[in-house]
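Heads up, the thing below is written out as structure tokens.
Chains as they are written, first to last, in the working numbering: chain A, 1 to 244; chain B, 1001 to 1242.
See below:
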């Protein structure tokens, strides 16, 4: 990313604020956020991981749901820049790819195979707690400067605040309830990809696009549609005609 | 229709309330409850198995008094367990205060009479496959620590594994958490395969999980490998298999 346009940033924060006052769905919110972050850093893929109650980092949202990217994000349960950002609470900016294989034996080869040449990760911080991390992966080599990194960290902080928004949460227990709910919603989305892929003979990647465009057309939440796909597919008329 | 409900352990567990083949399973679940109560410093832990419609099929508890407490929410049709199941997320009530009374007007005084001061309900689920709830009761108010919370979720995962694998495998491998066959393998490909198997077999998602795991066991392969083969369409489960 060269210098980020002020106009773009302003637009994103206005949109984020708008989401927070509307009827709120955490998965939808995080999806919007990773898409906007991807738009901010040209050509980048952005992924978001949240820690479950047992401290394991789990994939929740990505600007590109291609299976191999999801897999790359998942390897960071074991090692990778997102895990580092989560553990230290500090951003990993302009990761040195020449030494990545030593630092991240599982993550580095997968990231290299996808063709990423610039890698950054930002912690999702909430009060004194780190609840997850956002990874930014670019196919072009290019560094984030100090100001860019601050903007992206601000977005990550907004994502964390968004987690608390659903019901003016004051109890830390409510955060756990919501987080676990979102992680389970993510599992339902993956199960729904499988249902659609099998029912309509599609790849799971295309199945996701079909489901997302159906959700948009019918103005319903992705996580709601996914649940119905898995529990009662026949109640979604015209689903088969959905083309990405 | 090739629903094969009779072949599903889970279906058997939910329908045959506490009798016959489910009996051994209750023993195993009771052990999970006893362990959880001791580890979490709780006055009792209970597990209720439920069907998607919210029907209460089978219960296990750490002790008889807790079994009666566990039953209360079904008597009144309200409570943290019922809410946790419906919303697919935990309900953590570290204090049975006015907010709790407003939310569950009949349940709250009834459990308070039984000496309960805090209730923590953890759904037994993997995505849209909902199996029931594990409830942790304490006789004093106050939240679970982060460590306790992590352990409570681990016990809930253990209960799910027991329900999915049935008594034979659950008793053979009590912890069920070695990497080779973890019910909570968080790889997207495993969840995608669950959805595909569901359609291949024409069964509800919970049963698809059972069948997929049974297939991996019978082939002696890791769940994630079998799942990758299913998603890549190298394996197709037939309605007559397993």
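Cβ coordinates follow ideal geometry from the N, Cα and C atoms, glycine included.
Inter-residue Cα distance where the pair is residue 67 of chain A and residue 174 of chain A: Here residue 67 of chain A refers to the residue found at position 67 of the first chain. Here residue 174 of chain A refers to the residue found at position 174 of the first chain. The straight-line gap from Cα to Cα measures roughly 31 Å.
Whole-Å CB distance - residue 60 of chain A paired with residue 183 of chain A, under 8 Å assumed: As a first step, residue 60 of chain A must be located in the first chain, where it is residue number 60. As a first step, residue 183 of chain A must be located in the first chain, where it is residue number 183. With a contact defined as Cβ atoms closer than 8 Å, residue 60 of chain A and residue 183 of chain A qualify at about 7 Å.
Residue(s) in a DSSP beta bridge with residue 134 of chain A: Here residue 134 of chain A refers to the residue found at position 134 when the first chain is read from its first residue. For residue 134 of chain A, which the question treats as bridged, DSSP gives the partners A:48, A:122.
contact_flag[the segment 1096–1106 of chain B, the segment 1123–1134 of chain B] where n(CB pairs < 8 Å) is 3 or more: no
Within chain B, partners of residue 58 of chain A - CB distance below 7 Å: Position 58 of the first chain holds residue 58 of chain A. Neighbours of residue 58 of chain A on chain B, chain order: 1186.
Contacts that residue 74 of chain A makes with chain B (C-beta to C-beta distance below 8 Å): If you number the first chain from 1, residue 74 of chain A lands on position 74. Going along chain B in sequence order, the residues near residue 74 of chain A (Cβ under 8 Å) are 1186, 1187, 1188.
Inter-residue Cα distance where the pair is residue 1144 of chain B and residue 1038 of chain B: Your numbering for residue 1144 of chain B matches position 144 in the second chain. Your numbering for residue 1038 of chain B matches position 38 in the second chain. Cα-Cα distance, rounded: 14 Å.
Contact under 8 Å by Cβ, residue 192 of chain A with residue 229 of chain A: The count along the first chain starts at 1 and reaches residue 192 of chain A at position 192. The count along the first chain starts at 1 and reaches residue 229 of chain A at position 229. It is a contact, given that the beta carbons lie within the stated cut-off.
Segment limits, alpha helix (DSSP H) that includes residue 217 of chain A: Taking the first chain and counting its residues from 1, the one referred to as residue 217 of chain A is at position 217. Residue 217 of chain A -> alpha helix (DSSP H) spans 204–217.
Same chain, Cβ closer than 6 Å to residue 167 of chain A, neighbours up to 5 away in sequence not counted: The sequence position of residue 167 of chain A within the first chain is 167, counting from 1. Because residue 167 of chain A sits at a pLDDT of 47, beneath the cut-off of 50, its placement in the model cannot be relied upon, and the following sentence gives the value as read from the coordinates. There are no such residues.
CB contact flag (residue 222 of chain A, residue 54 of chain A, <8 Å): By 1-based counting over the first chain, the position of residue 222 of chain A is 222. By 1-based counting over the first chain, the position of residue 54 of chain A is 54. Their beta carbons are not under 8 Å apart, which means residue 222 of chain A does not touch residue 54 of chain A by this criterion.
Exposed unless 16 or more other CB atoms sit within 10 angstroms - verdict on residue 1236 of chain B: The sequence position of residue 1236 of chain B within the second chain is 236, counting from 1. Exposed, by the Cβ-count rule.
Touch test, the segment 1045–1058 of chain B against the segment 1114–1132 of chain B, Cβ-Cβ under 8 Å, three pairs minimum: yes
Endpoints, the alpha helix (DSSP H) within which residue 174 of chain A is located: One-based indexing of the first chain puts residue 174 of chain A at position 174. 172–200 is the extent of the alpha helix (DSSP H) around residue 174 of chain A.
Residues that residue 150 of chain A contacts on chain B, provided the C-beta gap is smaller than 8 Å: One-based indexing of the first chain puts residue 150 of chain A at position 150. What residue 150 of chain A touches in chain B: nothing, since even the nearest Cβ is about 30 Å away.
Same chain, Cβ closer than 6 Å to residue 1030 of chain B, neighbours up to 5 away in sequence not counted: Along the second chain, one-based indexing puts residue 1030 of chain B at 30. If we look at residue 1030 of chain B and ignore the five residues flanking it on each side, its Cβ neighbours are 1060.
Which listed residue (A:159, A:212, A:57, A:85) has its alpha carbon closest to that of residue 126 of chain A: For the purposes of this step, residue 126 of chain A is taken as the residue at position 126 of the first chain. Distances from the CA of residue 126 of chain A to each of A:159, A:212, A:57, A:85 were compared; the closest alpha carbon is that of A:159.
Three-state secondary structure assigned by DSSP to residue 1087 of chain B: Here residue 1087 of chain B is taken as the residue at index 87 of the second chain, counted from 1. It is helical.
Enclosing beta strand (DSSP E) for residue 72 of chain A [first to last residue]: The sequence position of residue 72 of chain A within the first chain is 72, counting from 1. Here residue 72 of chain A belongs to no beta strand (DSSP E); instead the alpha helix (DSSP H) covers 67–74.
Cutoff 7 Å; reference residue 1190 of chain B; Cβ partners in own chain excluding five residues on either side: In the second chain, the residue the question calls residue 1190 of chain B occupies position 190. Excluding sequence neighbours, residue 1190 of chain B sits near 1223, 1224, 1227.
Enclosing beta strand (DSSP E) for residue 1126 of chain B [first to last residue]: If you number the second chain from 1, residue 1126 of chain B lands on position 126. Here the beta strand (DSSP E) through residue 1126 of chain B covers 1118–1126.
Cβ pair residue 207 of chain A, residue 233 of chain A closer than 8 Å: Translated into positions along the first chain, residue 207 of chain A becomes position 207. Translated into positions along the first chain, residue 233 of chain A becomes position 233. Cβ distance not < 8 Å, so residue 207 of chain A and residue 233 of chain A don't count as in contact.
Length of the line joining the Cα atoms of residue 219 of chain A and residue 26 of chain A: Counting from 1 along the first chain, the entry for residue 219 of chain A is found at position 219. Counting from 1 along the first chain, the entry for residue 26 of chain A is found at position 26. Computed Cα separation, rounded: 16 Å.
Nearest-angstrom Cα separation, counted from residue 104 of chain A out to residue 12 of chain A: Within the first chain, the letter at position 12 stands for residue 12 of chain A. Within the first chain, the letter at position 104 stands for residue 104 of chain A. Going by the C-alpha atoms only, they are around 32 Å apart.
Among A:176, A:172, A:70, the one whose alpha carbon lies nearest that of residue 135 of chain A: On the first chain, position 135 is the one that residue 135 of chain A refers to. Considering only alpha carbons, the answer is A:70.
CB contact below 8 Å: residue 1006 of chain B versus chain A: Locating residue 1006 of chain B in the second chain gives position 6, where the first residue counts as 1. Low confidence applies here, because residue 1006 of chain B scores a pLDDT of 36, under 50, leaving its location unreliable and the question unanswered by this model.
Below-8 Å beta-carbon distance, residue 1179 of chain B vs any chain A residue: For this step, residue 1179 of chain B is matched to residue 179 along the second chain. Per-residue confidence for residue 1179 of chain B stands at a pLDDT of 39, beneath the threshold of 50, marking its modelled position as unreliable; the derived number appears in the next sentence. Judged by the 8 Å Cβ criterion, residue 1179 of chain B is not in contact with chain A.
Proximity below 8 Å, CB of residue 1201 of chain B to CB of residue 1156 of chain B: Taking the first residue of the second chain as 1, we reach residue 1201 of chain B at position 201. Taking the first residue of the second chain as 1, we reach residue 1156 of chain B at position 156. No, these two residues do not count as a Cβ contact at 8 Å.
Within-8 Å CB hit, residue 180 of chain A to chain B: The count along the first chain starts at 1 and reaches residue 180 of chain A at position 180. Taking Cβ atoms only, chain B reaches closer than 8 Å to residue 180 of chain A, which makes this a yes.
Span separating the alpha-carbon of residue 1181 of chain B from that of residue 1065 of chain B: As a first step, residue 1181 of chain B must be located in the second chain, where it is residue number 181. As a first step, residue 1065 of chain B must be located in the second chain, where it is residue number 65. In this prediction, residue 1181 of chain B scores a pLDDT of 47, lower than 50, which makes its location untrustworthy; the coordinate-derived value is nonetheless stated afterwards. Put simply, the backbone Cα of residue 1181 of chain B is about 35 Å away from that of residue 1065 of chain B.
Residue 1056 of chain B, enclosing alpha helix (DSSP H) - first and last residue: As a working mapping, residue 1056 of chain B is identified with position 56 in the second chain. Careful: residue 1056 of chain B lies outside any alpha helix (DSSP H), inside the beta strand (DSSP E) at 1056–1061.
From B:1150, B:1166, B:1165, B:1092, residue whose alpha carbon lies closest to that of residue 1138 of chain B: Here residue 1138 of chain B refers to the residue found at position 138 when the second chain is read from its first residue. Residue 1138 of chain B has its Cα closest to that of B:1092, out of B:1150, B:1166, B:1165, B:1092.
The segment 97–112 of chain A in contact with the segment 76–84 of chain A per 3-pair CB rule at 8 Å: They touch, by the three-pair rule.
Minimum Cβ-Cβ distance from residue 1102 of chain B to chain A less than 8 Å: Within the second chain, the letter at position 102 stands for residue 1102 of chain B. Taking Cβ atoms only, chain A never reaches closer than 8 Å to residue 1102 of chain B, which makes this a no.
Beta-carbon neighbours of residue 28 of chain A, restricted to chain B and to distances below 7 Å: Locating residue 28 of chain A in the first chain gives position 28, where the first residue counts as 1. Here the premise fails: no neighbours, minimum Cβ distance about 16 Å.
Between the CA atoms of residue 1046 of chain B and residue 77 of chain A - distance to the nearest angstrom: Indexing the first chain from 1 puts residue 77 of chain A at position 77. Indexing the second chain from 1 puts residue 1046 of chain B at position 46. The straight-line gap from Cα to Cα measures roughly 31 Å.
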